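Participant: Per the working numbering, the sequence shown starts with residue 195, numbered consecutively.
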Amino acid sequence: MPELPEVETVRDGLARHVLGRTVTDVQVRRDYSVRRHEAGPVDFAARLVGRRLEAAVRRGKFLWLVLDDGPGRGDDALMAHLGMSGQLLVRGPAAGAAGTAADPVAAPGPAGWVEHPHLRVRLALDDGSALDFVDQRTFGHLSVPDLVPTADGAAGGHGSPRPVLPAPVAHIARDLLDPALDRTALVAAVRARRTEVKRALLDQTLVSGVGNIYADEALWRARLHGTRPTAALRATDVERVLDAAASVMTEALAQGGTSFDALYVNVNGASGYFDRSLAVYGQEGRPCPRCGTPVRRDAFANRSSYTCPRCQPRPRPRRR
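1) Could you spell out the range, first to last residue, of the alpha helix (DSSP H) harbouring Y475?
2) Under 9 Å, do F238 and L319 count as touching if we go by C-beta distance?
3) Compare the C-alpha of L261 against each of T444, A240, C485 and D492 and name the closest.
4) Whose C-alpha, out of V217, T218, R215 and L242, is nearest the C-alpha of V228?
5) Under a Cβ-count criterion, where at least 16 other Cβ atoms within 10 Å of its own Cβ denotes burial, should Y475 be classed as buried or exposed?
6) Threshold first: 4 residues or longer. Then list the alpha helix (DSSP H) segments lying entirely within the segment 197 to 224, N to C.
7) Which same chain residues, not among the five before or five after A464, have their C-beta less than 6 Å away from its C-beta?
8) W258 and G351: beta carbons closer than 9 Å?
9) Which residues in the same chain have their Cβ closer than 6 Å to the Cβ of R210, if we skip the five residues on either side of it in sequence?
10) Excluding the 5 residues preceding and the 5 following T389 in the sequence, name in chain order all residues of the same chain whose CB lies nearer than 7 Å to its CB.
11) Nearest-angstrom Cα distance between P481 and G268?
12) Please report the Cβ distance between P339 and M273, rounded to the nearest whole angstrom; I am assuming they are in contact, meaning their Cβ atoms lie under 8 Å.
13) So does P483 have its beta carbon nearer than 8 Å to some heavy atom of the ligand SAM?
14) Hey, E433 and R377: beta-carbon distance below 9 Å or not?
15) For P357, I'd like the list of residues in its chain whose CB is within less than 7 Å of its CB, leaving aside the five on either flank, ordered along the chain.
16) Where does Y467 fall in DSSP's three states?
17) Look up S498 in the DSSP assignment and say whether it is helix, strand or coil.
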């Protein structure tokens, strides 16, 4: 699933290619892709046609395009959650007809660009381009929710100074790259949880944007095993792992995120390259870059955890 660096890469592409454009038509090719829009696909389209895209904003793994709020219009936004395989592709003039042109099963679309076989929703824009929501596994979704005030009065997310965010995102915590994050309060909250440190990193109501990939990489950098109890961590331990998570995501962002296959691409269809820099995630059996010990894989919540057995020793069981 795309994590903060991947979603931020998409947000940045949207900010560069579609802001200021007006939606002229909306095609919902698969109703399930707008299932979180409770009023249904017809209302989803009606709330977008004629609206201008004002800002591209992200909090954690969620992103949204703020819509203009002219007479008779609400304060709302087009919100996207990419799920496992969701992509937002800018097609046509704005993106130079890039994207999935090499896909052998894609069909020609308007203006000569190639239409993706997993196209779910298309927004036609007033410059002749389109914003396509593509989703092979259909876990992602689009909706047009109302914007609500942030609890702390600070900006809702990266990309806009407005202290608002979509109502469905109101429970999502700030991320480690957010200048409004209260780091001291976060450290205290992590230590107060009765859980394991990796589970705390993945709790989007505690700190957002970190998923399985960057949690494993951060824990390796911090030399902590993911099963360490948070209540037993010192404040310096929590600071170390949070610093490591922020650092690894910043580095990944500079390389366009992590792409293991064609399911994650930016708005122009290009892949990220941080997978070449991963120390432990997906590296089972390969030598740890720090000590040479073979990387270990363990089952974790229907996924996997990757660790170095030497650099990240398991916590000793507590004596009863």
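Glycine residues also receive a C-beta, built at the ideal position from the N, C-alpha and C atoms. Predicted model only: the values in this text are computed from it and were never measured.
Facilitator: Based on what the coordinates show:
1) Translated into the one-based positions of the sequence shown, residue 475 becomes position 281. Bounds of any alpha helix (DSSP H) do not take in Y475, whose DSSP letter is neither H nor E.
2) What you label residue 238 is simply residue 44 of the sequence shown in a count that begins at 1. What you label residue 319 is simply residue 125 of the sequence shown in a count that begins at 1. No, the Cβ-Cβ distance between F238 and L319 is not below 9 Å.
3) Counting from one through the sequence shown, the residue named residue 261 turns up at place 67. Comparing Cα positions, the closest option is A240.
4) In the sequence shown, counting from the first residue as 1, residue 228 sits at position 34. When the alpha-carbon of V228 is set against those of V217, T218, R215 and L242, the nearest one is in L242.
5) Locating residue 475 in the sequence shown gives position 281, counting from the first residue. Classification of Y475: buried, given that the 10 Å Cβ count is 16 or more.
6) For the segment 197 to 224, whole alpha helix (DSSP H) runs of length 4 or above, ordered along the chain, are 198 to 211.
7) Mapped onto the sequence shown, residue 464 falls at position 270. Model confidence at A464 stands at a pLDDT of 49, short of 50, so the residue's coordinates are unreliable; what they give is reported in the following sentence. If the five residues before and after A464 are omitted, its C-beta is found closer than 6 Å to no C-beta atom of its own chain.
8) For the purposes of this step, residue 258 is identified with residue 64 of the sequence shown, where counting begins at 1. For the purposes of this step, residue 351 is identified with residue 157 of the sequence shown, where counting begins at 1. With contacts defined as CB atoms closer than 9 Å, W258 and G351 qualify as a contacting pair.
9) Looking up residue 210 in the sequence shown gives position 16. Contacts found: none.
10) Taking the sequence shown and counting its residues from 1, one reaches residue 389 at position 195. Here T389 has T424 as same chain residues with Cβ atoms under 7 Å from its own Cβ, once five neighbours each way along the sequence are excluded.
11) As a working mapping, residue 481 is identified with position 287 in the sequence shown. As a working mapping, residue 268 is identified with position 74 in the sequence shown. Rounded to the nearest angstrom, the two C-alpha atoms are 55 Å apart.
12) Residue 339 sits at position 145 when you count from the first residue of the sequence shown. Residue 273 sits at position 79 when you count from the first residue of the sequence shown. About 6 Å separates the beta carbons of P339 and M273, which is inside the 8 Å limit, making them a contact pair.
13) No copy of the ligand SAM appears in this structure; indeed no ligand is present at all.
14) Translated into the one-based positions of the sequence shown, residue 433 becomes position 239. Translated into the one-based positions of the sequence shown, residue 377 becomes position 183. E433 places its beta carbon less than 9 Å from that of R377.
15) By one-based count along the sequence shown, residue 357 stands at place 163. Excluding residues within five positions, the ones whose Cβ falls inside 7 Å are P343, T344, G347, A348, A349 and G350.
16) Within the sequence shown, the letter at position 273 stands for residue 467. Summary for Y467: the model assigns pLDDT 40, below 50, so the residue's position carries little reliability; its value from the coordinates is reported in the next sentence. Three-state result, Y467: coil.
17) Along the sequence shown, one-based indexing puts residue 498 at 304. DSSP places S498 in the strand class (E or B) of the three-state scheme.
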